[in-house]
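Peer 1: Supplied in C-alpha cells, the structure appears directly below.
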Amino acid sequence: MPKLLGVLESQKQLGGASYPPTLERLAELNGNKPAETIKALNTKEAKARVLLSRAAGGKNKPAPGTTLVLLSEDLEAVARSDRLLDVQLQSARKPDAPAVDLAQLPKGLVPALSRAFKAALEQRIAERRLPRTIGVLTGKKPLFFFLADAVLPAAAAPELPAATASDGAARPTVPDGAGKAASDGAHPTPPAASPSPAASPFPARFDAAFTALDQASGGLNYVTLHALREALPDVPRATFDAELTALRRQRRYSLDPSDGRHHQMADAEREAGIMEAGNLLVYVARRHDT
C-alpha cells in the first residue's frame, strides 16, 4: 500500500492530465493488474486516504479506463477539474448522441463526488468557463459536447485531420474555409490554395495529431511519443523535441514514463522517448490546468 500511495502522490506532483490517473493507468504504473489494484484500494488503510471516482465492491466493477483514483482530500478540486469533465463526457457520449445532458454527466460517480461535480458544472455554465475542447448548449437542460463532434464555422473550427474515432466512425476534417460559393458573375471564384502541412505551425499540427490519435485509442489522454513522431514525419527529431519542450513550458502537455512491467514497450517506442533525470519519457498527456 505505501508504494501505491507513493505512485499516486507522484502523479499529483506531475499535475495536469497525470492526476488523478485512471485505475488502469495507476495499475500500470504500479506494475499490477486493475483487479489487483482495486483489491489493494479496498483495504482499511487505503479507504482512509484514497477515493475511487466510481463505486467498487459487490457486483460493482468500475471500468479501469474511466474510473479515476484520487486522494480523498482532493475531492473538491477534482470535481472542479477539466480532467473529470473530460473523462465523464467521454464515458457518457455515444456515437449517435454525442451531446450529453448535464444531469447525466455525474451518473456513476460516488455520491460525494457526484454532488460536487454537478455543482461545479452549474458554476462552469454560469461563469462560461470550459476547456478548449468542450462546448455547452445552454438552456433548460444544458448539453455538453466535444467540439470535435460539432460542425463549426471555419474560423472557430478546431484543426483536426480526418481520423477514425474510438467509436469507429470516421470524422472528416472540418472545412478550412477555402472552398467558397461561386460568385454572381459568370466564373466562380477559385478556392484559395490550402497550405501544406509543413507550412502550418508546429503547435497546431501537434494538437491535431494528438487529438486524432487520442480519440482513436479510446480518449484516455495518453499518446506515445512514437505515434506522434510518426504522425509528423517531416519534422526533424531535434526540432520536434525543441517545439515539444516549448509546449510543456506553456503547460499545454506533460510527459510520463512507463515502468515497463505492466506494458512492455516496443523498441521503436523506447527509441522515440526522451530521457530526463534518469527517466525515459514515452507518453504524452494534454494538461487541463492551464
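Just so we're aligned, residue 0 is where the sequence shown starts under numbering that gives the first Met the number 0, counting upward by one.
Heads up, the beta-carbon is just placed ideally off N, CA and C, and yes, glycines get one too.
Between the C-alpha atoms of GLU119 and ALA91, what's the straight-line distance to the nearest angstrom?
Peer 2: The identity of residue 119 in the sequence shown is Ala, whereas the question assumes Glu. Distance between the alpha carbons of ALA119 and ALA91: 17 Å.
Peer 1: Going by DSSP, what residues sit across from MET264 in a beta bridge?
Peer 2: Answer by DSSP bridge pairing: none, since MET264 is not bridged.
Peer 1: In terms of residue numbering, what span does the alpha helix (DSSP H) encompassing GLY5 cover?
Peer 2: 1-13
Peer 1: Start and end of the beta strand (DSSP E) containing SER253?
Peer 2: 252-256
Peer 1: Three-state secondary structure (DSSP) at ASP148?
Peer 2: If DSSP states are grouped into helix, strand and coil, ASP148 belongs with the helices.
Peer 1: Just to confirm the assignment, what range does the alpha helix (DSSP H) spanning GLU44 have?
Peer 2: Taken as a continuous stretch (DSSP letters only), the alpha helix (DSSP H) holding GLU44 covers 43-46.
Peer 1: Could you tell me the alpha carbon to alpha carbon distance between ILE273 and GLU229, rounded to whole angstroms?
Peer 2: Taking the straight line from one Cα to the other gives about 15 Å.
Peer 1: If we count the other Cβ atoms within 10 Å of its Cβ and call it buried at 16 or more, is ALA147 buried or exposed?
Peer 2: buried
Peer 1: Looking only at DSSP bridge pairs, what is ILE273 linked to?
Peer 2: Answer by DSSP bridge pairing, in chain order: LEU280.
Peer 1: Can you list, in chain order, the residues of its chain whose CB lies under 8 Å from that of GLY14, leaving out five sequence neighbours each side?
Peer 2: SER253, ARG286, ASP288
Peer 1: In the DSSP assignment, what residue or residues form a beta bridge with ASP100?
Peer 2: Partner(s): LEU142.
Peer 1: In the DSSP assignment, what residue or residues form a beta bridge with GLY134?
Peer 2: PHE144
Peer 1: Measure the beta-carbon distance from VAL109 to SER52 and round it to whole angstroms, keeping in mind my assumption that it falls under 8 Å.
Peer 2: Yes, they are in contact, since the Cβ atoms of VAL109 and SER52 sit about 7 Å apart, within 8 Å.
Peer 1: Can you tell me which of the three DSSP states LEU88 falls into?
Peer 2: helix
Peer 1: Nearest CA to the CA of ARG79: which residue from GLY277, ILE124, PRO256, PHE209?
Peer 2: ILE124
Peer 1: In three-state terms, what does DSSP make of VAL77?
Peer 2: helix
Peer 1: Considering just the uninterrupted stretch of the beta strand (DSSP E) at LEU50, what are its terminal residues?
Peer 2: 49-51
Peer 1: What is the DSSP secondary structure of LYS369, reduced to helix, strand or coil?
Peer 2: The requested residue 369 does not occur in the structure, where the chain is confined to residues 0 to 289.
Peer 1: Apart from the five residues on each side of it in sequence, which residues of its chain come closer than 8 Å, Cβ to Cβ, to PRO20?
Peer 2: Around PRO20: LEU7, GLN10, LEU28, LEU67, VAL68.
Peer 1: Taking Cβ positions, are ALA284 and ALA16 nearer each other than 8 Å?
Peer 2: yes
Peer 1: Ignore the nearest five residues each way along the sequence and tell me which others in PRO257's own chain have a CB closer than 6 Å to its CB.
Peer 2: Note on identity: in this sequence residue 257 is Ser, with Pro being the wrong assignment. These residues qualify, in order along the chain: MET264, VAL281.
Peer 1: What would DSSP say about ARG247, mapped onto helix, strand or coil?
Peer 2: The three-state secondary structure of ARG247, taken from DSSP, is helix.
Peer 1: Within 10 angstroms of its Cβ, does LEU136 collect 16 or more other Cβ (buried), or is it exposed?
Peer 2: The residue in question, LEU136, is exposed, as its Cβ has fewer than 16 Cβ neighbours within 10 Å.
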